[in-house]
Amino acid sequence: MLNFKEEVVNMLKTQIQEMSEEEISSLIEIPPSYEMGDYAFPVFKLAKTYKKAPQLIAEELVGKFEESPYFEKIENKGPYINFFINKKKLTEVTLEEIKIKKDMFGSSDIGNGKTVIVEFSSPNIAKPFHIGHIRSTVIGNALYKIFSFLGFNTVAINHLGDYGTQFGMLISAIKKWGNMEEIEKDPINELLKLYVRYNKEAEENEELMDEARYWFKELEEGNEEAYKLWEWIREISLKEFNKVYKMLNIKFDSYAGESFYSDKMPAVIEELKEKNLLKESEGAYVVDLQEYGMPPAIIIKSDGTTLYTTRDIAAAMYRKKTYDFYKNIYVVGAQQNLHFKSWFKIIELMGYDWAKDLVHVNFGTVSLEDGALSTRKGRVVFLEDVLKTAINKTLEIINERNPNLENKEEVAKQVGIGAVIFQELFNQRIKDYVFSWDRTLSFDGETGPYVQYTHARICSLLDRGQFNIEDKVNYDLLSTNEEINIVRLLYEFPEVIIDAMEKYEPYLITRHIVEIAKAFNKLYNTYPIIVEDEELKKARLMLSFATKTVLKTGLGLLGIEAPERM
RNA sequence: GCACCCAUAGCUCAGUAGGAUAGAGCGACGCCCUCCUAAGGCGUAGGCCAGAGGUUCGAUUCCUCUUGGGUGCGCCA
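Using this note's numbering, the letters of the first sequence correspond one by one to residues -16 to 549.
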């Protein structure tokens, strides 16, 4: 697709020899308002070399530009040179591109030949899937889709928390108090009860912790009884999790959790020893990171068992060997910042240059109004409940406003769940937030349902207006501000996807499609789309089609469906 | 105690690798369905961008300090 910004750079370059194209390009900005132009170049930086007032420089430069088919005018306002895009050109270029690429508009091949691993969701088995897990799950899924759309070969890994001392606790608890039949009936809750009880009793009876560690050691060393129990817990947990993944429409390529790497750790430990990185300290083996301002990382505990640091290192090495990744992304909360920083450093100290390709995509903490989430203290909101409640509320709204809608249940599911996901992907990852039912169930304003509604509305327009994609369109007819504003946003869409990928920030896409929906609703309320004048109608329907297409693609990248009626 | 992160309208947040008058949504108030889906649209009110210094032609944006909040700091994950 024609790149207007590049054209601006080219034009500027012919007049400014002192700067490289990169430098010029980095200075170009978008004016605060489109009335001032589509691109602007501030000349302050030239003032020193030219020894002239910025305003004069701008005036002189403007006079030197030749006519361009891509810009309708170039003028200076004070020290800024403002470029006004040729609207017809912009419209034609953008809409023709969407007409050809349709659902693939915005996709790219920049990732071809590169493999990106996205590790996300990663719940602990035998524990409920609650609202605290939604962020990693939803952000990770969006990144997975974004990278895939840009041509990367992507691998979604659910790094299940299926190992560690906690399973020693569970095994020990089951052996002490467990009733297999009860557990089968309601696995997660029963296991959680056992886990909570074990923790509570362990507070008073330290021997229980020793027993837990003992059973974990047995598990790690291949004790059959322990292994069978563990395997069973894992299986029933996964079954529970899959209910939620199915609702969210999320699929993983691999469920290689922590346990998967249990047999790959001895080699890592050997290597650390060989490279002289491991040293004994208080009975444990650690990598000293003092030099880098970090506490030592424990690799082997004094009882001989390992920690998650060891497993993460083993996992990263295994993945490098297996997938030869270009990026290995970890979508994990910001509480783990130090953990990732520390073991990324260890990989680097081991001499692997791919340490730079390990990325911790962190995010802020979710809490409840009465404090931090705590499964043990019973302060939890189950994700399944949130999704179901959202679906039910949507169904109520449909019954109220559009009772004759076909397949209401399916639409309610798409909209309700879409609202929850959208909310989650609306802000920067790093922000903390307090879970609120009100906010989660709000469907007005800048929300998922708003974008979906706009999409559905356009689908209905295209039907009524008997839109035919093959119709020839006179793009000159799309000249109102309302129309051009939409076109501009559609034109920017591919750049926004790239930006979201580079920053690992899906919210950039979320915000952008909201802008598009707003711009369309504005048009919709200002001018009729289906008009008497056939030519104008065709043009507006083509614009509507393009808008609908981009909204659907954008929602899709976030993991949200776009119903055609709602 | 040390380290990292955050601080913009009553609330929740945007603010594009420092730039031209700081924007939305929600909430409040007032309008718009004999007209293409009102889960819409329009308007009004609401800001010393936490505070103080500094760098710069220019700082909400960069640096330092202070305050307030969050998170993390060797045998949990």
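Ideal placement from N, C-alpha and C gives every residue a C-beta, glycine not left out. Remember, it's a predicted structure, so these values are computed and weren't measured experimentally.
- Beyond the five residues adjoining it in sequence on each side, V349 comes within less than 7 Å, by CB distance, of I114, G115, R118, L356, Y416, F418 in the same chain, given in chain order.
- Spanning the alpha carbons of G134 and A239 requires a straight line of approximately 24 Å.
- By the 16-neighbour rule on beta-carbons within 10 angstroms, S16 is exposed.
- At a Cβ-Cβ threshold of 8 Å, E12 and A23 count as neighbours.
- Closest option to L332, judged by alpha-carbon separation, among R302, G266, E257, N387: E257.
- For Y433, the enclosing alpha helix (DSSP H) starts and ends at 431 to 447.
- Setting aside the 5 residues that flank it on each side, V369 is surrounded in the same chain by I114, V403, T423, each with a C-beta closer than 7 Å to its C-beta; the list follows chain order.
- Closest in C-alpha terms to I499, from the list Y301, F528, K520, P511, comes F528.
- Here T509 carries a helix assignment [DSSP, helix/strand/coil].
- A Cβ-Cβ contact shorter than 8 Å links K60 with M19.
- Taking each of I233, V99, I452 in turn and checking the Cα distance to I81, the smallest one comes out for I452.
- Within 10 angstroms of the beta-carbon of Q0 lie fewer than 16 other beta-carbons, which makes it exposed.
- About 19 Å separates the beta carbon of L378 from that of V227, a gap too long to meet the 8 Å contact definition.
- Around the C-beta of M87, fewer than 16 other C-beta atoms lie within 10 Å, and the residue is accordingly described as exposed.
- By the beta-carbon neighbour count (other beta carbons within 10 angstroms, threshold 16), R412 is buried.
- The count of Cβ pairs closer than 8 Å, one atom from the region 491 to 511 and one from the region 464 to 472, reaches three, so the stretches are in contact.
- The criterion of a C-beta distance shorter than 8 Å is satisfied by L408 and V121.
- It is roughly 5 Å from the alpha-carbon of A185 to the alpha-carbon of L191.
- Taking C-alpha positions only, E164 is separated from L153 by approximately 16 Å.
- Under the 8 Å Cβ criterion, the region 506 to 515 does not count as touching the region 98 to 110, having fewer than three qualifying pairs.
- A direct Cα-to-Cα measurement between E75 and E392 gives close to 40 Å.
- For L341, the secondary structure class from DSSP, reduced to helix, strand or coil, is strand.
- If you ignore the 5 residues before and after D286, its C-beta comes within less than 7 Å of the C-beta of R196, K200, all in its own chain and listed in chain order.
- Residue environment for L540: buried (at least 16 other C-beta atoms within 10 angstroms of its C-beta).
- With respect to the C-alpha of F112, the residue from Q319, F450, T358, P489 having the closest C-alpha is T358.
- The C-beta distance from I108 to S237 rounds to 15 Å, too long to fall under 8 Å, and the pair is not in contact.
- Less than 8 Å divides the Cβ of S90 from the Cβ of F132.
- Under a 10 Å Cβ-count criterion, W213 is classified as buried, with 16 or more other Cβ atoms of the shown protein chains found around its own Cβ.
- Distance check between G46 and each of A36, E58, T536, F54 places E58 closest, using alpha-carbon atoms only.
- A Cβ-Cβ contact shorter than 8 Å links V314 with E102.
- If you ignore the 5 residues before and after N468, its C-beta comes within less than 6 Å of the C-beta of A502, all in its own chain and listed in chain order.
- Taking a contact to require three or more Cβ pairs closer than 8 Å, the region 164 to 183 and the region 264 to 281 do not qualify as touching.
- In the pairwise beta carbon analysis, the region 171 to 180 is classified as not touching the region 239 to 252: fewer than three pairs are separated by under 8 Å.
- Counting the other CB atoms within 10 Å of its CB gives F27 a total below 16, which places it among the exposed residues.
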